[in-house]
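Note that UniProt numbering gives residue 172 to position 172 of the sequence shown, counting from 1, and the numbers run on in steps of one. Read the structure below first, then the notes.
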Amino acid sequence: MSNGRIPNDVIDSVLKRHDIVDVVGRYVHLTKQGHYLKGLCPFHSEKTPSFTVTPERQIFHCFGCGAGGSAIHFIMGVEGYSFGEAVRELAKEAGIEVGVGDEPSEQAIKQNVEKTSLLAAYEFTSKLYPYILKNTDEGKPAMNYLRSRGFSDKLIDTFQIGYAPPRWDTLAQLLEKRGFDLALMEKGGLLSARQEAGGYVDKFRDRIMFPICDAKGAVIAFGGRALGDVQPKYLNSPESILFNKSRTLYNFHMARPHIRKSGELVLFEGYVDVIKAWEAGVENGIATMGTALTDEQAKVIRNNAERVIVSYDGDNAGQNAAYKSIAILEKVGCQVKVAVLPSGLDPDEYIKTYGSERFAREIIEASVSSIKYKLLYFRKNYKLQEDGEKLRYIQHALKIVAGVTSPVEREHYVKELSSEFHYSYEILWQNLNEIRLQTEKNKNHGDNNAKPWNNVMNNGPVKERAPSLHPAYHNAEQKLLAVMMHDREISQYVEQHLGGQFHVEAHAALAAYLYSYYAQGNEPNVSSYISTLQDEGLVSAACFIADMGVSHATSEKVIDDYIKSIKQHYYQEELKRKEEARTEAERSGNVLLAAQIGLELIKAKRLLP
1 MSNGRIPNDV
11 IDSVLKRHDI
21 VDVVGRYVHL
31 TKQGHYLKGL
41 CPFHSEKTPS
51 FTVTPERQIF
61 HCFGCGAGGS
71 AIHFIMGVEG
81 YSFGEAVREL
91 AKEAGIEVGV
101 GDEPSEQAIK
111 QNVEKTSLLA
121 AYEFTSKLYP
131 YILKNTDEGK
141 PAMNYLRSRG
151 FSDKLIDTFQ
161 IGYAPPRWDT
171 LAQLLEKRGF
181 DLALMEKGGL
191 LSARQEAGGY
201 VDKFRDRIMF
211 PICDAKGAVI
221 AFGGRALGDV
231 QPKYLNSPES
241 ILFNKSRTLY
251 NFHMARPHIR
261 KSGELVLFEG
271 YVDVIKAWEA
281 GVENGIATMG
291 TALTDEQAKV
301 IRNNAERVIV
311 SYDGDNAGQN
321 AAYKSIAILE
331 KVGCQVKVAV
341 LPSGLDPDEY
351 IKTYGSERFA
361 REIIEASVSS
371 IKYKLLYFRK
381 NYKLQEDGEK
391 LRYIQHALKI
401 VAGVTSPVER
411 EHYVKELSSE
421 FHYSYEILWQ
431 NLNEIRLQTE
441 KNKNHGDNNA
451 KPWNNVMNNG
461 PVKERAPSLH
471 PAYHNAEQKL
481 LAVMMHDREI
491 SQYVEQHLGG
501 QFHVEAHAAL
511 AAYLYSYYAQ
521 GNEPNVSSYI
531 STLQDEGLVS
541 AACFIADMGV
551 SHATSEKVID
561 DYIKSIKQHY
571 YQEELKRKEE
581 ARTEAERSGN
591 VLLAAQIGLE
601 LIKAKRLLP
């Protein structure tokens with residue numbers, strides 16, 4: 001048997017060569033909790049982790065949305081691949097020959113060819129520009145500029161910085177010589193089409209070039225900084241089949257190991273800030289490439305880090321952007337702090353003026369909480385030397401503090417306001433509680449089922465998950481299947497004594513797949529078995545059941561008790577049907593049939609296990 005026309009031995013090889021912790025870890029920040037790892041689910045929005053990875057069984061499972069499966073299923077979900085595409089991608093990484101598989105559509109074949117060609121073109125270009133910068137007369141002005149900005153040879157090499165010369169068609173000619181389709185190169189953002197004269201010219205000219213990479217480190221776009229007064233000062237590649245501006249983060253591929261190690265990430269506005277901060281020892285820095293932070297980027301960030309330090313420029317535009325980013329990051333569950341720079345300076349300028357050590361110590365390490373930053377952000381709008389303005393600021397500050405979940409934090413900031421402005425703590429605290437009460441009333445307006453506000457704790461209505469109360473046979477089926485996934489002999493024993501008499505449809509299907517899996521000579525392997533399942537519902541059910549483990553199966557008697565419980569329900573259902581048939585016969589006046597069914601009932605009750 002093969003899965004999606006890919007041989008099972010290939011699927012098994014792919015799963016053996018890819019530890020699920022490593023595969024999932026590329027996308028989700030995982031923390032160890034006992035025998036499994038936990039993180040935020042990439043398949044639905046959540047603030048409290050309900051996504052688990054079990055290394056022992058090589059499966060993942062989300063208790064929030066039900067997603068689950070092997071490493072193959074994870075790549076399918078997170079990248080939007082078909083089963084065959086996911087296997088091929090993982091096989092390619094492991095150097096495994098897949099052979100004949102699914103017949104992809106013409107469109108899929110075309111897009112794959114285009115992606116491969118564009119990646120090759122970007123790889124070539126990412127080597128060409130640094131060569132021009134370091135080895136040609138044309139590159140000398142750009143190199144002198146970089147030197148004046150404090151870029152060392154090591155930094156230039158680490159970040160593959162290059163230079164696009166002023167000529168119109170340097171890259172276009174070289175790409176054409178190497179057989180690249182220039183129309184595709186224009187579509188992919190390396191060239192521009194000449195509207196009137198026809199042909200193609202370089203997209204970037206007379207610019208210092210910063211390669212933009214995907215999570216694996218492949219170059220997928222460029223950012224170019226103009227050397228002269230040309231506008232725009234910074235120019236990014238357009239969106240393409242490789243480059244999605246809303247999801248991509250600059251330097252993510254190099255920063256990721258450092259982010260994982262610390263659980264913390266520093267968010268900058270541009271390439272240069274990231275690069276200079278890297279030299280200053282801040283190696284967990286990434287950037288949004290001068291554009292506003294998006295919800296998609298925030299999700300990528302949260303999947304890899306719990307804590308985020310926002311380090312934007314010190315001017316008004318930078319501080320406004322920092323303020324807006326707080327809500328976006330907190331919405332996905334990040335703990336946010338903000339690095340406060342002196343007015344007008346950006347991280348690069350601060351490092352140049354005060355040095356790397358002070359930047360790391362006095363800016364990054366001294367970053368303030370999001371609430372503290374909000375208080376500082378709005379404070380500048382008030383003339384605090386005037387009593388009226390001072391009162392207006394205090395009222396605004398109390399509204400900000402009122403939104404804090406932690407009572408301890410609320411108390412801390414109220415004490416700070418009381419101390420600074422010499423107002424009674426009790427009066428400020430009472431004012432804050434009135435604000436919270438009014439906010440809760442507004443929130444619950446028209447909602448008769450909303451829970452009342454109280455002074456002890458107010459984190460909003462508590463959502464309680466209804467307890468999962470299943471009948472005995474249902475639990476017996478799940479526990480039996482959990483053991484069967486780990487033990488071929490028990491599976492064969494169950495097949496012999498129970499067969500397909502599982503009452504829950506999904507359980508019956510899982511049992512049938514297990515019988516077939518072992519019949520082909522496969523060894524017990526939860527991940528491999530789950531990869532034979534094609535239905536998402538079955539995959540999710542199998543992952544949930546597999547997570548139960550086998551500790552409950554302490555003896556052969558336990559297995560027999562599970563089988564007995566399932567059979568007992570089967571016989572009880574049979575008795576119920578016969579009782580209904582006898583009642584129907586009596587109602588219709590068929591006394592003979594009713595008596596016959598009565599005898600069958602007596603015999604059936606004797607056979608009850």
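Backbone N, C-alpha and C fix where the C-beta goes; we use that ideal spot for every residue, glycine too.
request  = Inspect the CB distances between the region 534–547 and the region 59–66 and report whether three or more fall short of 8 angstroms.
outcome  = Contact between the region 534–547 and the region 59–66 is present, with at least three C-beta pairs closer than 8 angstroms.
ask   = What number of angstroms, rounded off, separates the C-alpha of residue 221 from the C-alpha of residue 242?
value = Counting from one through the sequence shown, the residue named residue 221 turns up at place 221. Counting from one through the sequence shown, the residue named residue 242 turns up at place 242. Taking the straight line from one Cα to the other gives about 8 angstroms.
request  = For residue 397, I'd like the list of residues in its chain whose CB is within less than 7 angstroms of its CB, leaving aside the five on either flank, ordered along the chain.
outcome  = Stepping through the sequence shown from its first residue, residue 397 is reached at position 397. Non-local beta-carbon contacts of residue 397 in its own chain, meaning distances under 7 angstroms to residues more than five positions away in sequence, involve 375 and 417 in chain order.
query = So, is residue 532 buried or exposed, given that buried needs 16 or more other C-beta atoms within 10 angstroms?
reply = Residue mapping note: residue 532 aligns to position 532 of the sequence shown, counting from 1. Buried.
ask   = Ordered along the chain, which non-local residues of its own chain (more than five positions away) have a Cβ less than 6 angstroms from that of residue 171?
value = Along the sequence shown, read from residue 1 onward, the residue named residue 171 stands at position 171. Correct list, in chain order: 202.
request  = In the DSSP assignment, find the beta strand (DSSP E) that holds residue 496 and state where it starts and stops.
outcome  = Translated into positions along the sequence shown, residue 496 becomes position 496. Where residue 496 is concerned, there is no enclosing beta strand (DSSP E), although the alpha helix (DSSP H) it sits in stretches over 488–497.
ask   = Looking at C-alpha atoms only, which residue of 150, 210, 123 and 177 is the closest neighbour of residue 164?
value = The residue given as residue 164 occupies position 164 in the sequence shown. Among 150, 210, 123 and 177, the Cα nearest to that of residue 164 is on 210.
task = Note down the Cα distance separating residue 223 from residue 153, rounded to an integer number of angstroms.
result = Along the sequence shown, one-based indexing puts residue 223 at 223. Along the sequence shown, one-based indexing puts residue 153 at 153. Between residue 223 and residue 153, the C-alpha separation is close to 19 angstroms.
request  = Can you say whether residue 70 is buried or exposed, counting buried as having 16 or more other CB atoms within 10 angstroms of its CB?
outcome  = Working through the sequence shown from its first residue, we reach residue 70 at position 70. Buried, since its Cβ has 16 or more Cβ neighbours within 10 Å.
ask   = Could you give the distance in angstroms between the alpha-carbon of residue 354 and the alpha-carbon of residue 274?
value = Taking the first residue of the sequence shown as 1, we reach residue 354 at position 354. Taking the first residue of the sequence shown as 1, we reach residue 274 at position 274. Roughly 17 angstroms separates the two Cα atoms.
query = CB-CB under 6 angstroms to residue 483, same chain, minus the five flanking residues each way: which ones, in chain order?
reply = Taking the first residue of the sequence shown as position 1, residue 483 is located at position 483. The residues are 490, 550 and 553.
request  = Quick one: using the 10 Å Cβ neighbour count with 16 as the cut-off for buried, is residue 318 buried or exposed?
outcome  = One-based indexing of the sequence shown puts residue 318 at position 318. Buried is the call here.
message = DSSP has residue 541 in a bridge; who is on the other side?
response = The residue given as residue 541 occupies position 541 in the sequence shown. Looking at the DSSP assignment, residue 541 forms no beta bridge with any residue, so it has no partner.
request  = Report all residues from its chain with a CB closer than 7 angstroms to the CB of residue 213; omit the five preceding and five following residues, and keep chain order.
outcome  = The residue labelled residue 213 in the question sits at position 213 within the sequence shown. Listed in chain order, the non-local C-beta contacts of residue 213 below 7 angstroms within the same chain comprise 219, 220 and 253, local neighbours out to five positions each way being set aside.
request  = Would you check if the distance between the CB atom of residue 47 and the CB atom of residue 333 is smaller than 7 angstroms?
outcome  = The residue you call residue 47 lines up with position 47 of the sequence shown. The residue you call residue 333 lines up with position 333 of the sequence shown. A contact, by the Cβ cut-off of 7 angstroms.
ask   = Rounded to a whole number of angstroms, what is the C-alpha to C-alpha distance between residue 439 and residue 307?
value = The residue labelled residue 439 in the question sits at position 439 within the sequence shown. The residue labelled residue 307 in the question sits at position 307 within the sequence shown. Taking the CA atoms as reference points, residue 439 sits about 28 angstroms from residue 307.
ask   = DSSP state of residue 215, grouped into three classes?
value = As a working mapping, residue 215 is identified with position 215 in the sequence shown. Note: residue 215 maps to coil in three-state DSSP.
query = According to the Cβ coordinates, are residue 43 and residue 121 closer than 7 angstroms?
reply = Stepping through the sequence shown from its first residue, residue 43 is reached at position 43. Stepping through the sequence shown from its first residue, residue 121 is reached at position 121. Not a contact, by the Cβ cut-off of 7 angstroms.
query = Could you check where the alpha helix (DSSP H) with residue 170 kicks off and where it finishes?
reply = Position 170 of the sequence shown, counted from the first residue, corresponds to residue 170. The continuous alpha helix (DSSP H) containing residue 170 extends over residues 170–177.
key: Spatial neighbours of residue 539 in its chain, beta-carbon cut-off 8 angstroms, leaving aside the 5 residues before and after   = In the sequence shown, the residue the question calls residue 539 occupies position 539. Excluding residues up to 5 positions away in sequence, 68, 69, 73, 530 and 533 lie with their Cβ nearer than 8 angstroms to the Cβ of residue 539 in the same chain.
query = From residue 536 to residue 86, what distance separates their C-alpha atoms?
reply = Numbered from 1 along the sequence shown, position 536 holds the residue referred to as residue 536. Numbered from 1 along the sequence shown, position 86 holds the residue referred to as residue 86. Pairing residue 536 with residue 86, the inter-Cα distance amounts to about 15 angstroms.
key: residue 130, buried or exposed, once every other Cβ within 10 Å from all chains shown has been counted against 16   = Here residue 130 refers to the residue found at position 130 of the sequence shown. Buried, because 16 or more other Cβ atoms sit within 10 Å of the Cβ of residue 130.
query = Cβ of residue 293 within 7 angstroms of Cβ of residue 328?
reply = Counted from its first residue, the sequence shown places residue 293 at position 293. Counted from its first residue, the sequence shown places residue 328 at position 328. Note that the C-beta distance between residue 293 and residue 328 is below 7 angstroms.
Residue 284 versus residue 266 - alpha carbon distance = By one-based count along the sequence shown, residue 284 stands at place 284. By one-based count along the sequence shown, residue 266 stands at place 266. Taking the Cα positions, residue 284 is about 6 angstroms away from residue 266.
key: Reference residue 579; option with closest CA among 597, 564, 569 and 395   = Along the sequence shown, read from residue 1 onward, the residue named residue 579 stands at position 579. The residue with the shortest Cα to Cα distance from residue 579 is 597.
message = Less than 7 angstroms between the beta carbons of residue 356 and residue 59, yes or no?
response = As a working note, residue 356 is residue 356 in the sequence shown. As a working note, residue 59 is residue 59 in the sequence shown. Between residue 356 and residue 59, the C-beta spacing is not below 7 angstroms.
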